[in-house]
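See structure below.
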Amino acid sequence: MIRFENVSKIYDPNIMGLEDVNIHIDRGEFCFLVGHSGSGKSTFIRLLLKEFEPSEGTITVAGRNLQRMRRSAMPYHRRNLGCVFQDFKLLPNKTVADNVAYALRVTGQPARAIRRKVPEILNLVGLGDKMNNLPDELSAGEQQRVSVARAFVNHPSLLVADEPTGNLDPDTSVGIMQLLYRINRTGTTVLMATHDREMVDKMRKRVIALEDGKVIRDEDKGLYR
Amino acid sequence: MNFKFFFHEAFNSLVRNWVMSMAAIVTVLVSMFVLGLGLIIFFNFQHAISDLRNKLEVEVFIKNTASPDEINGLGDQIRAMPEVKDVNFVSKDEALDRLRGSLKGHEDVLDALSGNPLPPSYEITLQDPSKIEEVASRFYDNPIVDNSPNTHDGVKTGGETSDRVLRVTTIFLIGGAGFVMLLTVASVLLISNTTRLSIFARRREVEIMRLVGATNWFIRWPFVLEGVFTGMVGALAASMLVIIANRFIIEGVVNKMPFLPFNAEAVPMFWLVLLVVIGGTLLGSVGSGLALRRFLKI
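Just so you know, the protein sequences line up as chains A and B, in that order. Here the first sequence stands for residues 2 to 226, where the numbers follow my numbering. Here the second sequence stands for residues 615 to 912, where the numbers follow my numbering.
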């Protein structure tokens with residue numbers, strides 16, 4: 002699903018974002034990316050989203066080489082890749098339903114399908130009764146649920162979450178984690194960057210640890226440590 | 615396509631940023647109004663010039679030595695020309711009376727004259743004013759016409775006057791066109807700036823849209839439509855003002871000063887309004903297009 006081969010990212014002047022990273026993540030895996038701030042987690046995720054190019058090496062996502070992908074193909078790459086962020090990144094002027102619908106609209110889905118799918122997914126994340134609220138009117142945990150719903154509504158093959166529980170209290174975090182776990186069970190590959198020690202230790206999934214841009218540990222059923 | 619959605623988005627954004635929208639609308643309004651006003655004045659001058667041209671005539675001055683038979687013969691000759699609409703003979707006495715009339719209050723100047731030095735003349739009006747030089751040239755070599763040796767100053771056309779009017783009008787028109795151009799550039803820049811601010815205010819939104827896989831045009835369309843709306847609303851308001859201006863100002867001027875050759879009917883209003891509306895809409899789309907090209911690098 003995801004393959005990093007000898008990937009380095011050098012920010013000028015000579016600041017290493019990532020250094021010679023080799024990672025392979027299979028379809029359907031649930032994988033944590035852990036490390037301190039500045040260890041390279043965000044660089045890893047932004048490379049996946051093709052927000053910028055690596056200085057060296059090749060990145061393959063779902064069989065497609067990101068370096069060879071044309072700019073015009075990027076929107077299609079991103080539709081196949083759901084994203085959840087620490088700051089939710091919801092459109093503030095749109096209702097919960099419209100936020101989720103936007104992800105469907107960009108793919109050119111007919112209005113009827115949108116009207117059917119949006120309530121479906123919002124019920125799934127437990128927000129069926131808040132469809133017409135604006136994001137501001139929701140709690141942080143609820144906003145993150147909306148963001149997860151939006152990321153998953155197109156049924157992407159890969160879901161990337163960058164510190165999704167970073168702004169949430171422990172109980173709410175558990176709810177989000179359960180949601181991501183359920184999504185993973187449908188066959189979607191989930192990659193989650195986090196420094197939520199408790200969560201990682203409880204889940205016992207694959208853990209990739211980064212430090213100073215290098216992979217220092219990669220183990221199945223790992224712990225945060 | 616998702617045009618219903620795009621319209622909805624554009625409209626919402628217009629309403630949400632109504633202060634900026636109003637600023638842009640007013641800019642389009644002003645520049646399109648000035649364009650319309652300039653065109654109204656242009657058409658009125660056109661009307662005035664063609665009016666003047668229709669009144670142009672050929673004056674043929676006859677030597678004092680010509681006999682009445684020769685004079686009548688020339689008159690018949692002129693009447694026989696197909697281009698001639700009307701011929702008027704001005705005798706020596708009539709010419710003096712006219713001169714006296716135009717010297718009102720200073721008639722004593724004429725006392726210095728011994729006898730009547732003014733030549734008799736024919737005033738010729740033509741069917742088609744553009745033939746004026748052609749008709750005039752026929753009298754250049756006529757022996758009874760009062761030409762000084764080797765010239766044809768015995769034949770006068772109003773051409774010089776109308777040429778002068780035309781020159782003044784042309785200068786006026788170029789100046790006006792320059793002014794309108796300047797205003798057009800100003801409003802394109804303002805709309806582009808409005809769109810830029812609108813993009814800037816929503817850069818986070820744009821980033822999110824990109825993130826969920828919106829194509830460039832999916833993001834751009836609402837902004838483009840916003841610009842088009844802005845231009846169109848401004849232009850519609852401007853055409854309303856132009857119509858009002860034409861009705862009340864020009865007609866007012868004509869009523870107060872009927873000697874001015876202005877005429878509210880001289881303006882092809884339908885085309886003018888169409889031009890203003892299309893112009894304003896174009897301004898809006900070009901303005902927002904410029905901003906998109908420069909500031910919405912996706």
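Positions of the beta carbon are idealized from the N, C-alpha and C atoms, including for glycine. Here the structure is a predicted model, which is why all the values come from computation and not from measurement.
### Query
Taking Cβ to Cβ, would you say Gly-893 of chain B is nearer than 8 Å to Leu-649 of chain B?
yes
### Beta-carbon contacts of His-25 of chain A that lie in its chain and below 6 Å, excluding the five residues immediately before and after
Arg-4
### Task
Compare the Cα-Cα distances from Asn-738 of chain B to each of B:Leu-727, B:Ala-637, B:Phe-786, B:Arg-693 and report the closest residue.
Note that residue 738 of chain B corresponds to Ile in the displayed sequence, not to Asn. Out of B:Leu-727, B:Ala-637, B:Phe-786, B:Arg-693, B:Arg-693 has the C-alpha closest to the C-alpha of Ile-738 of chain B.
#### Entry: Span separating the alpha-carbon of Phe-33 of chain A from that of Leu-49 of chain A
15 Å
#### Entry: Enclosing beta strand (DSSP E) for Ile-746 of chain B [first to last residue]
Counting along the chain, Ile-746 of chain B falls outside any beta strand (DSSP E), though it belongs to the alpha helix (DSSP H) covering 746-751.
### Query
Which chain B residues are close to Pro-76 of chain A, counting only those with a beta carbon under 7 Å from its beta carbon?
Gly-827, Ala-828, Thr-829
### Message
Once DSSP output is grouped into helix, strand and coil, what is the label at Arg-193 of chain A?
### Response
One point to set straight first is that residue 193 of chain A is Met, not Arg, in the sequence displayed. It is a strand residue.
#### Entry: Residue environment, Phe-843 of chain B, which counts as buried when at least 16 other CB atoms sit within 10 Å
buried
### Query
Run through DSSP, which three-state label would Gly-827 of chain B get?
coil
### Query
Out of B:Ile-863, B:Ile-833, B:Glu-748, which has the shortest C-alpha to C-alpha gap to Tyr-103 of chain A?
B:Ile-833
### Task
Give the DSSP-derived three-state secondary structure of Val-674 of chain B in the structure shown.
strand
### Query
Do the segment 644-658 of chain B and the segment 813-825 of chain B make contact, defined as three or more Cβ pairs closer than 8 Å?
no
### Query
Around the C-beta of Pro-165 of chain A, are 16 or more other C-beta atoms found within 10 angstroms, so that it is buried, or is it exposed?
buried
### Message
Can you give me the C-alpha to C-alpha distance between Pro-120 of chain A and Pro-93 of chain A, rounded to a whole angstrom?
### Response
19 Å
### Message
From the DSSP secondary-structure annotation, give me the bridge partner or partners of Ser-735 of chain B.
### Response
B:Phe-675, B:Val-704
### Message
Cβ closer than 7 Å: which chain A residues qualify as neighbours of Arg-861 of chain B?
### Response
Those within 7 Å of Arg-861 of chain B in chain A number zero; the least Cβ separation is about 43 Å.
### Task
Spatial neighbours of Gly-848 of chain B within its chain, please: CB distance less than 6 Å, with the 5 preceding and 5 following residues excluded, ordered by chain position.
Ile-639, Val-642, Leu-643, Gly-894
### Query
Which whole-angstrom value describes the C-beta separation of Ile-746 of chain B and Val-868 of chain B, a residue pair presumed to lie in contact below a C-beta threshold of 8 Å?
Contact flag wrong, Cβ pair sits at about 28 Å.
### Query
Is His-766 of chain B helix, strand or coil when you go by DSSP?
coil
### Task
List the endpoints of the continuous alpha helix (DSSP H) containing Gly-176 of chain A.
171-186
### Task
Tell me whether Ser-728 of chain B sits in a helix, a strand or coil according to DSSP, three-state version.
coil
### Query
Can you tell me where the alpha helix (DSSP H) with Leu-125 of chain A in it begins and where it stops?
112-125
### Task
Kindly indicate which three-state DSSP category Asn-807 of chain B falls into: helix, strand or coil?
helix
### Message
Would Ile-122 of chain A and Phe-86 of chain A be called neighbours here (beta carbons separated by less than 8 Å)?
### Response
no
### Task
Quick one: grab the DSSP three-state call for Ser-101 of chain A.
The displayed chain sequence assigns Val, not Ser, to residue 101 of chain A. Val-101 of chain A: helix per DSSP, three-state reduction.
### Message
Can you confirm whether Val-107 of chain A, when its beta carbon is compared against all beta carbons of chain B, has any partner nearer than 8 Å?
### Response
yes
### Query
Per DSSP, what kind of secondary structure is His-25 of chain A in: helix, strand or coil?
strand
### Query
What's the call for Asn-861 of chain B, buried or exposed, on a 16-neighbour Cβ count within 10 Å?
This sequence places Arg at residue 861 of chain B; Asn is not what is there. It is exposed - the Cβ of Arg-861 of chain B has fewer than 16 other Cβ atoms within 10 Å.
### Message
Within a Cβ cutoff of 7 Å, which residues of the same chain sit near Lys-42 of chain A, ignoring the five residues on either side of it in sequence?
### Response
Leu-34, Gly-36, Ala-194, Leu-211
### Query
Measuring CA to CA, which of A:Arg-186, A:Gly-214, A:Thr-108 is closest to Arg-28 of chain A?
A:Arg-186
### Query
Alpha carbon to alpha carbon, how far is Leu-825 of chain B from Ile-857 of chain B?
48 Å
### Task
Rank A:Val-216, A:Asn-155, A:Asp-221, A:Asp-130 by C-alpha distance to the C-alpha of Asn-7 of chain A and give the top, closest one.
A:Val-216
### Reduced DSSP secondary structure (H/G/I, E/B, other) of Asn-66 of chain A
strand
#### Entry: Status (buried if at least 16 other CB within 10 Å, exposed otherwise) for Tyr-12 of chain A
exposed
### Coil, strand or helix - Tyr-754 of chain B by DSSP
coil
### Query
Just by C-beta distance, which residues in the segment 63-92 of chain A are closer than 9 Å to chain B?
Arg-72, Ser-73, Met-75, Pro-76, Tyr-77, His-78, Arg-79, Arg-80, Asn-81, Leu-82, Gly-83, Cys-84, Phe-86, Lys-90, Leu-91, Leu-92
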